[in-house]
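Asks: Pasting a structure here, questions to come.
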Ligand SMILES: Cc1cc2nc3c(=O)[nH]c(=O)nc-3n(C[C@H](O)[C@H](O)[C@H](O)COP(=O)(O)OP(=O)(O)OC[C@H]3O[C@@H](n4cnc5c(N)ncnc54)[C@H](O)[C@@H]3O)c2cc1C
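Residue numbers (the numbering used here): 3 to 438.
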């Protein structure tokens, strides 16, 4: 193993691997490694999500410009990349339903945002209940926003393909390798792997998903922030429900501050259907099982009580929602009933198999408030990406370009060829599209 690297990326999720992909074209003479503790890339959240490539209709073009642009460009980039490499990408659209007139007002707002964010007239339309009935007779709603430019994929397959390309261009992937300690030594980072080996890096990028806060804390950054983890669980629908709808169905969030709480009716890229996710509070970014949560319960509680998360834990609305979600984990029908409210044909008794759960880590500030946006923190020899949540997988490619461009502009990690070709794209053209 080479012991000295110009750059080490911590985390082989879709974000760390997308960063490695572009850097593999732009910085050919640099030595770069991605360190991933799991046996493969996209082993955690990036390979355990809903698999939707989202069109940007949920994002306020003024307040969430970056998310909207990343989703808009990400859609086209994944489409191009998938076609080029023969990977799954199905333009199957999504329907967002409202259950009352208040919800319909929200859909009207989404329609406006979608168009402002670049969707064309033919890619998004608001249908009345009776109009929707003609194509989707099983859906019960007040109105429905049909977004034809929305797609399904398998982000695990896409991430593995990016790793293959990156490796061909010289990036090293250290799998089954956990960063267990980081220290500054003689102007370099000394990174301890699996408690025993050490490597050195001039620069680190922290793309460690649910552990990114811990990595930042370990180098004395973002000490005012903490995080809470939510397990999103899914139930697999039986085959007899595969043709219940033509498109996946989402519903207007009941609690706009917690938009990840409402489970959807999901048609996956392989045609199978699932219900989910919910958002059950857990004590670890890998808290898929009871044993892991029990092990992490005391350290996580102590961390939360000593930080801004304490205020969130004692917030009444948060407590009520958390109890609701825990209930939805313990009782299948409690989760399925939420989807039944717009797809009444579903019978919880016929749904018996669990899907693959994924964990979302949300950052909380010192006032106990959930931070709605991604947080980018830089210091002279490290860059940290925190709170990188939905639609993180959709936006990973353009978002990575944006980060690399930001680092280049500051002279942190200057690319050798300003106008490099990165796979099917020209780097500067993507930068322009995101900035423009
Ligand atoms: C339930 C759910 C559904 C979602 N659905 C969608 C969707 O349909 N569409 C969409 O666009 N987005 C979706 N998202 C969001 C999206 O999945 C995430 O934004 C994205 O996967 C985050 O990628 P990441 O690379 O930052 O994190 P991760 O995938 O978590 O990757 C971080 C990696 O860092 C590694 N790591 C951490 N610490 C260390 C360490 N110390 N040493 C070595 N390695 C380390 C971890 O093992 C992990 O593999 C969903 C999220 C959830 C939870």
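Even for Gly, the Cβ is constructed at its ideal location relative to N, Cα and C.
Just how far apart, CA to CA, sit residue 74 and residue 290?
Replies: Residue mapping note: residue 74 aligns to position 72 of the chain shown, counting from 1. Residue mapping note: residue 290 aligns to position 288 of the chain shown, counting from 1. Taking the straight line from one Cα to the other gives about 32 Å.
Asks: Could you please give me the residues that DSSP links to residue 95 through a beta bridge?
Replies: Along the chain shown, one-based indexing puts residue 95 at 93. Beta bridge pairing from DSSP links residue 95 with no other residue.
Asks: If you compare alpha carbons, which of 361, 435 and 245 is closest to residue 392?
Replies: Translated into positions along the chain shown, residue 392 becomes position 390. That would be 361, whose Cα lies nearest to the Cα of residue 392.
Asks: By DSSP, does residue 59 sit in helix, in strand, or in coil?
Replies: For the purposes of this step, residue 59 is taken as the residue at position 57 of the chain shown. It is coil, neither helix nor strand.
Asks: For residue 153, which residues does DSSP report across the bridge?
Replies: As a first step, residue 153 is located in the chain shown; it is residue number 151 there, counting from the start. Beta-bridge analysis with DSSP links residue 153 to 55.
Asks: Return yes when the Cβ of residue 377 is within less than 8 Å of the Cβ of residue 181, no when it is not.
Replies: Position 179 of the chain shown, counted from the start, is the residue given in the question as residue 181. Position 375 of the chain shown, counted from the start, is the residue given in the question as residue 377. Result no, Cβ atoms of residue 181 and residue 377 do not sit closer than 8 Å.
Asks: Identify which residue in 364, 255, 342 and 398 has its Cα closest to the Cα of residue 284.
Replies: Reading the chain shown from its first residue, position 282 is the one you call residue 284. Of the listed residues, the one whose Cα sits closest to residue 284 is 364.
Asks: Alpha carbon to alpha carbon, how far is residue 70 from residue 304?
Replies: One-based indexing of the chain shown puts residue 70 at position 68. One-based indexing of the chain shown puts residue 304 at position 302. Going by the C-alpha atoms only, they are around 36 Å apart.
Asks: To the nearest angstrom, report how far apart residue 196 and residue 40 are at their CA atoms.
Replies: One-based indexing of the chain shown puts residue 196 at position 194. One-based indexing of the chain shown puts residue 40 at position 38. Their backbone Cα atoms lie some 12 Å apart in a straight line.
Asks: Is residue 298 near ligand 1, judged by its Cβ being under 7 Å from some heavy atom?
Replies: For the purposes of this step, residue 298 is identified with residue 296 of the chain shown, where counting begins at 1. Checking every heavy atom of ligand 1 against the Cβ of residue 298, none is found closer than 7 Å.
Asks: At 4 residues or longer, and completely inside the region 126-175: list those alpha helix (DSSP H) runs for me, N to C.
Replies: For the region 126-175, whole alpha helix (DSSP H) runs of length 4 or above, ordered along the chain, are 131-137 and 157-170.
Asks: Kindly examine ligand 1 and report whether one of its heavy atoms sits closer than 7 Å to the Cβ of residue 17.
Replies: As a position in the chain shown, residue 17 is number 15, starting the count at 1. Within the cutoff, so yes.
Asks: Does the region 386-401 come close enough to the region 27-36 that 3 or more CB-CB pairs lie under 8 Å?
Replies: no
Asks: Within the region 185-262, note down every full alpha helix (DSSP H) run reaching 4 residues or more, in order along the chain.
Replies: 214-220
Asks: Which ranges does the beta strand (DSSP E) cover as unbroken runs of at least 3 residues, wholly within the region 355-431, from first to last along the chain?
Replies: 360-366, 377-381 and 384-388
Asks: Could you tell me how far apart the beta carbons of residue 90 and residue 155 are, in whole angstroms, since I believe they sit closer than 8 Å?
Replies: Locating residue 90 in the chain shown gives position 88, where the first residue counts as 1. Locating residue 155 in the chain shown gives position 153, where the first residue counts as 1. Contact flag correct, Cβ pair sits at about 5 Å.
Asks: Give me the Cα-Cα distance between residue 42 and residue 178, rounded to the nearest whole angstrom.
Replies: Position 40 of the chain shown holds residue 42. Position 176 of the chain shown holds residue 178. Taking the straight line joining both Cα atoms gives about 8 Å.
Asks: Measuring CA to CA, which of 240, 107, 78 and 165 is closest to residue 348?
Replies: To locate residue 348, count along the chain shown from 1; it is residue 346. The residue with the shortest Cα to Cα distance from residue 348 is 240.
Asks: Is the closest heavy atom of ligand 1 to the C-beta of residue 377 under 7 Å?
Replies: Your numbering for residue 377 matches position 375 in the chain shown. Checking every heavy atom of ligand 1 against the Cβ of residue 377, none is found closer than 7 Å.
Asks: Rounded C-beta distance between residue 23 and residue 167? I'm assuming under 8 Å.
Replies: Numbered from its first residue, the chain shown carries residue 23 at position 21. Numbered from its first residue, the chain shown carries residue 167 at position 165. The pair is a contact, with the Cβ atoms about 6 Å apart (cut-off 8 Å).
Asks: For residue 395, which residues in the same chain have their Cβ closer than 7 Å to its Cβ, ignoring the five residues on either side in sequence?
Replies: Taking the chain shown and counting its residues from 1, the one referred to as residue 395 is at position 393. Hits under 7 Å: 16, 48, 51 and 157.
Asks: Compare the C-alpha of residue 308 against each of 68, 202, 146 and 226 and name the closest.
Replies: Numbered from its first residue, the chain shown carries residue 308 at position 306. The residue with the shortest Cα to Cα distance from residue 308 is 226.
Asks: Just to confirm before moving on: does the CB-CB distance between residue 314 and residue 370 stay below 8 Å?
Replies: Reading the chain shown from its first residue, position 312 is the one you call residue 314. Reading the chain shown from its first residue, position 368 is the one you call residue 370. Against a cut-off of 8 Å, the Cβ pair of residue 370 and residue 314 comes out as a contact.
Asks: Where residue 141 and residue 248 are concerned, what is the direct C-alpha to C-alpha distance, given to the nearest angstrom?
Replies: Position 139 of the chain shown, counted from the start, is the residue given in the question as residue 141. Position 246 of the chain shown, counted from the start, is the residue given in the question as residue 248. Spanning the two alpha carbons is a distance of roughly 10 Å.
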